[in-house]
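In UniProt numbering, the protein residues as written are 1 to 194.
Read the structure below first, then the notes.
Here it is as structure tokens:
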């Protein structure tokens, strides 16, 4: 079983507090686009929220489960920690809600690559990770967070038995999609729409 996590708990400070999961592209919200894609390559979808107030205002989507951060104010690390505790799958894929160009081709590639490892994480030539377009082994993440209160995802990735996948390898799978594109501000949103 493969779980998929969508992290939606950010405060959207660079977009005046607007929830980025409600940004639209081609007449669908980012959250709708992501859940539609993830239904084809995962067995369950978990939307990880910062608190119950956020859960209450999220759009109701079929075949998804809403969960809250167990460690408040921990950013993406808190979302991954919470997802690891709630995920039913031995492995889970994780993405941020501001990454609208997910691809099941990429996700399946990462799932195949993670076998025998604790994580499969894309890495750029300069050594930067893409921790929010990656697959993790649930129990390894749980064990890490039982021992650590670490917020840096790089610490998690370096501690786990991680298989590093060159970003170029991922990009070659879907040359027409920028799967690592994340929309952090309104200028970027405007650019993808034009």
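Even glycine gets a Cβ: it sits at the ideal position worked out from N, Cα and C.
Evaluate contact between the segment 176-184 and the segment 134-145, counting only Cβ atoms and requiring at least three cross-stretch pairs below 8 Å.
no
Local conformation of residue 7 per DSSP, three classes:
As a first step, residue 7 must be located in the chain shown, where it is residue number 7. Three-state DSSP puts residue 7 in a strand.
So, helix, strand or coil for residue 181, using DSSP?
Taking the chain shown and counting its residues from 1, one reaches residue 181 at position 181. Residue 181: coil per DSSP, three-state reduction.
Taking the CB atoms as reference points, tell me whether residue 233 and residue 98 lie closer together than 7 Å.
The requested residue 233 is not part of the displayed model; the chain covers only 1 to 194.
For residue 191, count neighbouring C-beta atoms within 10 Å of its own C-beta (all shown protein chains included) and say buried if the count is 16 or more, exposed if not.
Here residue 191 corresponds to residue number 191 of the chain shown, with the count starting at 1. Result: exposed.
For a quick check, are the C-beta atoms of residue 170 and residue 94 less than 7 Å apart?
Along the chain shown, one-based indexing puts residue 170 at 170. Along the chain shown, one-based indexing puts residue 94 at 94. Not closer than 7 Å, so no.
Span of the beta strand (DSSP E), counted from its first residue to its last, around residue 104
Here the question's residue 104 lines up with position 104 in the chain shown. Premise fails: residue 104 lies in the alpha helix (DSSP H), 104-114, not in any beta strand (DSSP E).
In its own chain, which residues sit with a C-beta less than 6 Å from the C-beta of residue 87, not counting the 5 before and 5 after it?
In the chain shown, the residue the question calls residue 87 occupies position 87. These residues qualify, in order along the chain: 3 and 138.
Assign residue 155 to buried or exposed, taking buried as 16 or more other Cβ atoms, counted over all protein chains shown, within 10 Å of its Cβ.
If you number the chain shown from 1, residue 155 lands on position 155. Exposed.
Beta-carbon separation of residue 48 and residue 82 under 7 Å?
Walking along the chain shown from the start, residue 48 turns up at place 48. Walking along the chain shown from the start, residue 82 turns up at place 82. Yes, the Cβ-Cβ distance between residue 48 and residue 82 is below 7 Å.
Residues that DSSP places opposite residue 134 in a beta bridge:
Residue 134 sits at position 134 when you count from the first residue of the chain shown. The partner list for residue 134 (beta bridge, DSSP) reads 94.
State the Cα-Cα distance for the pair residue 69 and residue 52, rounded to the nearest angstrom.
As a working mapping, residue 69 is identified with position 69 in the chain shown. As a working mapping, residue 52 is identified with position 52 in the chain shown. Cα-Cα distance, rounded: 9 Å.
Tell me, please, which residues DSSP counts as bridged to residue 28.
Along the chain shown, read from residue 1 onward, the residue named residue 28 stands at position 28. Paired residue(s): 25.
Reduced DSSP category for residue 87 - H, G, I as helix; E, B as strand; rest coil
Within the chain shown, numbered from 1, the residue matching residue 87 stands at position 87. The answer is coil: DSSP assigns residue 87 none of H, G, I, E or B.
Would residue 67 and residue 122 qualify as a contact pair, given that the criterion is a beta-carbon distance under 7 Å?
One-based indexing of the chain shown puts residue 67 at position 67. One-based indexing of the chain shown puts residue 122 at position 122. Their beta carbons are not under 7 Å apart, which means residue 67 does not touch residue 122 by this criterion.
Could you check which residue in 35, 184, 149 and 50 has the C-alpha nearest to that of residue 13?
Walking along the chain shown from the start, residue 13 turns up at place 13. Ranking 35, 184, 149 and 50 by Cα distance to residue 13 puts 184 first.
Where residue 166 sits in the DSSP three-state scheme:
Your numbering for residue 166 matches position 166 in the chain shown. DSSP places residue 166 in strand when its eight states are reduced to three.
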